[in-house]
Every structure is written in C-alpha cells, then in structure tokens.
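Residue 169 is where the sequence shown starts when you use this note's numbering, and the numbers rise one by one after that. C-beta atoms are modelled at their ideal positions from N, C-alpha and C, and glycine is treated no differently.
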Amino acid sequence: MTSTDPKAIFAACLMSSSGAIVYLISPVLIGSAIEHLSFSSDQAGLLIASYFTGYTLITLTAILWFHRCNLRTTAWLSSLIFGASLIIGAGSTSPTIAMFSLLIGGAGAGLLYGISITIISQSSDPGRYFGFALAAQLVLGSPLLFAGPAYISPQWGYSGVLLATATFVALMSLATNWVPKSVANHRPDTVSVSLPDNKPLIFTAILAITIWFIGYSGIYAFIERIGSAGGLTGYEIGLILSLTITTGLAGALGAAWMGNRYGNVKPHLIGSVGTLITVLLLLDQPGLIRYTVAIVFLTLSMNFWLAYMLSGVAAADISGRYAVLATAALGIGATLGPAIAGGLIEGFNYSPMLAAGLAAILLGTGLIIFALTRPHLEPIS
169 MTSTDPKAIF AACLMSSSGA IVYLISPVLI GSAIEHLSFS SDQAGLLIAS
219 YFTGYTLITL TAILWFHRCN LRTTAWLSSL IFGASLIIGA GSTSPTIAMF
269 SLLIGGAGAG LLYGISITII SQSSDPGRYF GFALAAQLVL GSPLLFAGPA
319 YISPQWGYSG VLLATATFVA LMSLATNWVP KSVANHRPDT VSVSLPDNKP
369 LIFTAILAIT IWFIGYSGIY AFIERIGSAG GLTGYEIGLI LSLTITTGLA
419 GALGAAWMGN RYGNVKPHLI GSVGTLITVL LLLDQPGLIR YTVAIVFLTL
469 SMNFWLAYML SGVAAADISG RYAVLATAAL GIGATLGPAI AGGLIEGFNY
519 SPMLAAGLAA ILLGTGLIIF ALTRPHLEPI S
C-alpha cells in the first residue's frame, strides 16, 4: 500500500465510522434501554461497558497478530460479526443477551477501528487523515443520531435502534474491498531517520488517551439523560444532537487544517477550554438554549481534540506496531467511563459525574502534554 492511496484512506474513514457508530449513538442506546427495557442508569452504563469490553480485549491482543494477518479479510469478517451480533441483540429483551451480544459486537467494531487507525497512522500525514476520519464518523452517523431518539426509539424501541445500527454497519462494510491486505512497517517520511526507542512516550500517550476518554465517555454517555432531566423532549434532544454535527465536523476538519502549525501543546489547551465551558453549561439541569450551546462546545472540542490525541501516539510510534493500542485505549475509556459515571449520578443530580469527568479529562491532558514535550518526539503532521 502506498502511504497516500486514496482508496485505502477512504476505506479507513468508512471503517472508522462503522467502528465508532455505537459510541456516537451511545446516548440513544442508553436512553432507549432505560425507556424500553426498564434498565437503571447503572445497568445502562454496564450495557455500553459490555460493548467496549469486547472492543478493548480484541485490540489488546491484536498487537500480537495484527501485522501478520490479511487486513482485508479481517475487516470483512469483523463487519459480519459486528452486524450479526446487533441483529441477535435486537431479537431479545433479556439483559444478559443484550450485554453478551454487544460484547461480541464490540470485538468486531474494535477490529474495524483498529484497522482504520493502523492504515492512517502509516500514511504520510496522520494528523490530517485522522481529522478526515473523525469528520466522516460525524457526517455518516448523524442521520442515525437524529432519527434514533426522534423516530426509531419511540416507535420501535431498543430493538429498532440496534437493527438500524446493523444496517449502517452493512453499508459501511462495502468499503472493505479497498482495504489493503497489509500495511508497511514504517511511514515513508521517517524510514530513513534513526530515532531512539520511544516506548515510554508511546505508553504515556496511550495512558493519557485512556484517562482522557474515561472522562469524555462518562459525560457523553449520559448527555441524553441530562437533556431529559432539563425538561427537553426526545425530538428536541435528537434535533440538537444532529444539528450540532456541523460543529463536530468543524472541529475535526479544523484539526486536519491546523496540523502542527501551532505546535503540539496549544491544541490541547484549546480543547481544555472548550471542555470546561461544556461542563459548566451542563450543570443544574440546563434548559434548551444552555443545553444546545453545551453540545456545540462538546462536539467542537471533542472532535478537534481527539485527532491530536491519536496523532500524539502516531508521532511517537514510528513503526506503527503500537497504533492499534490507541483503539484499546479508547475502548478502555469507553468501557469504564459510562460505568463509573452511572454510579456517580445521584437521582437527577449529574454534577458529581460532570466534575469527575472533567477531572479525568484534565489529568489525561497533563499526561499527553508531558509526553509531547519530551525530546526526540516527532512533530505531529
């Protein structure tokens, strides 16, 4: 595969959209499970945690075999497993089956996202293409994000949301035909450069993503419930979540445009400010206007910031061997975040959960800045 093969990059963007769709609509899934399966907040949080347990476990082991397998075949099988598990989960109201089906589905999604990250991290411009991949996730997932709480869940319940998601995965799986069978071991812009072992920096960056995403996932998973506690209807929440796809897209494309022109640290400071504003606006059961502004800042800062988090790992990991662990880091964060957040919610008081989420995000920020400011780290491109 050439580093700028447009078909491979396009396939990576679509596969990342498939691998990220459950996370994107997790507020819809959680709300639907609470409304139609009578799950508690704790149970709903564990439902998403089950999905990301499978997502994480498969990507943690992938470092041992990932570079020896046929990526195209793996992508196709992962899409099949992911879609089939969602269909199985839609056919039952049992909490056990619901969690098990998402556990298996998470494994398929994790591999799809891992393949996407591996392809992009070995491209000539990882920061730019991570921005494009995040933009694709938002654009392609927005119809389901809107239709979920506005139409699908009210009429067809939790099962309808899962079936719609399975349809989305099937459509995205068409891109597997353009997945390369393997990727190069080194990015072409760095193969001639002799660099010291960056393993401590790689794992510091991966730990930073994990903690950072624990905070973000906890907040995002219950964003639909926060709006509901503020008196917003399902239609209003769905409309807000879908309309602010524009700000999320702006954040992702902003990262693609900005690259490293302002250095490694400033983008993380920008993201910190946006997240702080988000949390302050979400306190005390926000009404329509405050909730809308909060979601704008959330989607803008999160999608801008995530591109730089992933690029931080790519900057340290020249060989691309550890890039798949960034997927595991996101999976761990998305597993623990909703579960921890669900336990911190006190009735309709979301303030303890929001405070804990912000603390985790800022801790992760400190770690990634520490890693990025060490010597011998390749600048983010």
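* For Asn-471, name the three-state secondary structure that DSSP assigns. => Helix at Asn-471.
* Asked: To which residues of the same chain is Ser-284 closer than 7 Å at the C-beta, ignoring the five residues directly before and after it?
  -> Its chain contains Ala-180, Met-183, Ser-184, Gly-187 and Ala-301 as the residues whose beta carbon lies nearer than 7 Å to that of Ser-284, once the 5 sequence neighbours on both sides are disregarded; these appear in chain order.
* To do: Taking Ala-334 as the reference, give the member of Asn-238, Gly-259 and Gly-525 with the closest Cα.
  => Distances from the CA of Ala-334 to each of Asn-238, Gly-259 and Gly-525 were compared; the closest alpha carbon is that of Gly-259.
* If you draw a straight line from the C-alpha of Tyr-476 to the C-alpha of Thr-224, how long is it? -> Distance between the alpha carbons of Tyr-476 and Thr-224 is about 21 Å.
* Would you mind working out which of Val-347, Gly-386, Phe-314 and Leu-232 sits nearest Ala-502, comparing C-alpha positions? => Comparing Cα-Cα distances from Ala-502 to each of Val-347, Gly-386, Phe-314 and Leu-232, the minimum goes to Gly-386.
* Where does Glu-514 land, buried or exposed, given buried means 16+ other C-beta within 10 angstroms? -> By the neighbour-count rule (16 or more Cβ atoms within 10 Å), Glu-514 is not buried but exposed.
* **Under the three-state DSSP convention, the category Asn-552 falls into** => The displayed coordinates of the chain run from 169 to 549. Any statement about residue 552 would go beyond what the structure contains.
* Determine the DSSP secondary structure at Tyr-490, reduced to helix, strand or coil. => In the structure shown, Tyr-490 adopts coil according to DSSP, grouped into three states.
* Of the residues Ala-527, Ile-374, Leu-450 and Ile-413, which one's Cα is nearest the Cα of Leu-228? -> Measuring from the Cα of Leu-228, the nearest candidate turns out to be Ile-374.
* Would you say the stretch 199-214 touches the stretch 236-249, given that touching needs at least three Cβ pairs under 8 Å? -> Between the stretch 199-214 and the stretch 236-249, the count of Cβ pairs shorter than 8 Å is below three; the stretches do not touch.
* **C-alpha distance - Leu-530 paired with Tyr-281, whole-angstrom precision** => Near 25 Å, if we compare the C-alpha coordinates of Tyr-281 and Leu-530.
* Taking C-beta to C-beta, are Ile-405 and Pro-317 nearer than 9 Å? -> Yes; because the gap between Cβ atoms is below 9 Å, this pair is in contact.
* Any idea what DSSP makes of Gly-207, helix, strand or coil? -> What sits at residue 207 in the sequence shown is Phe, not Gly. In this structure, Phe-207 counts as coil in the three-state DSSP scheme.
* To do: Give the secondary structure of Cys-237 by DSSP, where H, G and I count as helix, E and B as strand, and everything else as coil.
  => Coil.
* Continuous alpha helix (DSSP H) assignments of at least 4 residues falling wholly in the stretch 283-370 -> The DSSP assignment places complete alpha helix (DSSP H) segments of no fewer than 4 residues inside the stretch 283-370 at 294-315 and 321-340, in order along the chain.
* Asked: What residues in its chain sit with their C-beta under 8 Å from that of Ile-394, if we drop five residues either side in the sequence?
  -> Sequence-distant Cβ neighbours of Ile-394 in its own chain, meaning closer than 8 Å and more than five residues away, are Leu-450, Gln-453, Pro-454, Tyr-459 and Tyr-518.
* To do: Under the assumption that Ser-253 contacts Gly-273 (Cβ atoms under 8 Å), give the Cβ distance between them as a whole number of angstroms.
  => At roughly 4 Å, the Cβ-Cβ gap stays under 8 Å, so Ser-253 and Gly-273 are in contact.
* Asked: How long is the line joining the alpha carbons of Ala-482 and Ile-370, rounded to whole angstroms?
  -> About 8 Å.
* To do: Measure the alpha-carbon distance for Leu-306 versus Leu-417 and round it to whole angstroms.
  => Just so you know, the alpha carbons of Leu-306 and Leu-417 end up roughly 6 Å apart.
* Can you name, in chain order, every residue of its own chain whose Cβ lies under 6 Å from the Cβ of Thr-446, other than the five neighbours on each side? -> Contacts found: Ala-462, Phe-465 and Leu-466.
* Are the beta-carbon atoms of Met-521 and Phe-390 separated by less than 9 Å? -> Contact flag set, yes.
* **Gly-431 to Ser-350 span [Cα, whole Å]** => Their backbone Cα atoms lie some 32 Å apart in a straight line.
* Pairwise C-alpha distance: Ser-200 and Tyr-490 -> Going by the C-alpha atoms only, they are around 36 Å apart.
* Cβ neighbour criterion (16 or more within 10 Å) applied to Met-399 -> According to the sequence shown, residue 399 is Gly rather than Met. Gly-399 sits exposed, since fewer than 16 C-beta atoms from the chains shown fall within 10 Å of its C-beta.
* To do: Taking 9 Å as the cut-off, decide whether the C-beta atoms of Gly-325 and His-204 are in contact.
  => Cβ distance < 9 Å, so Gly-325 and His-204 count as in contact.
* If you compare alpha carbons, which of Ile-379, Ala-332 and Ser-310 is closest to Ala-496? -> Ranking the options by Cα distance to Ala-496, first place goes to Ile-379.
* With Gly-439 and Ser-479 assumed to form a contact (beta carbons below 8 Å), what rounded beta-carbon distance in angstroms separates them? -> Rounded, the Cβ-Cβ distance is 13 Å, inconsistent with contact.
* **When Asn-238, Phe-250, Tyr-219 and Leu-308 are compared against Met-267, the one with the closest alpha-carbon** => For Met-267, the closest C-alpha among the options Asn-238, Phe-250, Tyr-219 and Leu-308 is that of Tyr-219.
* Where Ile-537 sits in the DSSP three-state scheme -> Correct three-state label for Ile-537: helix.
* To do: Compute the Euclidean distance between the alpha carbons of Phe-504 and Thr-221, then round it to the nearest angstrom.
  => A small correction: the amino acid at residue 504 is Leu; Phe does not occupy that position in the sequence shown. Taking the straight line joining both Cα atoms gives about 9 Å.
* Asked: Any idea what DSSP makes of Phe-551, helix, strand or coil?
  -> Summary: the structure shown does not reach residue 551, with the chain confined to residues 169 through 549, and so no result is reported for it.
* The alpha helix (DSSP H) spanning Gly-399 covers which residue range? -> Note, Gly-399: premise wrong, no alpha helix (DSSP H); not H, not E.
* Asked: Which residues in the same chain have their Cβ closer than 6 Å to the Cβ of Ile-256, if we skip the five residues on either side of it in sequence?
  -> Cβ within range, chain order: Ser-269.
* Where do the N-terminal and C-terminal ends of the alpha helix (DSSP H) with Leu-444 fall, by residue? -> For Leu-444, the enclosing alpha helix (DSSP H) stretches over residues 434-450.
* To do: Grab me the residues of Ala-303's own chain with a C-beta within less than 6 Å of its C-beta, minus the 5 sequence neighbours each way, in chain order.
  => So the list reads Leu-417, Ala-420 and Leu-421, once near-sequence residues are dropped.
* Euclidean distance between Cα positions of Trp-473 and Gln-323 -> Spanning the two alpha carbons is a distance of roughly 36 Å.
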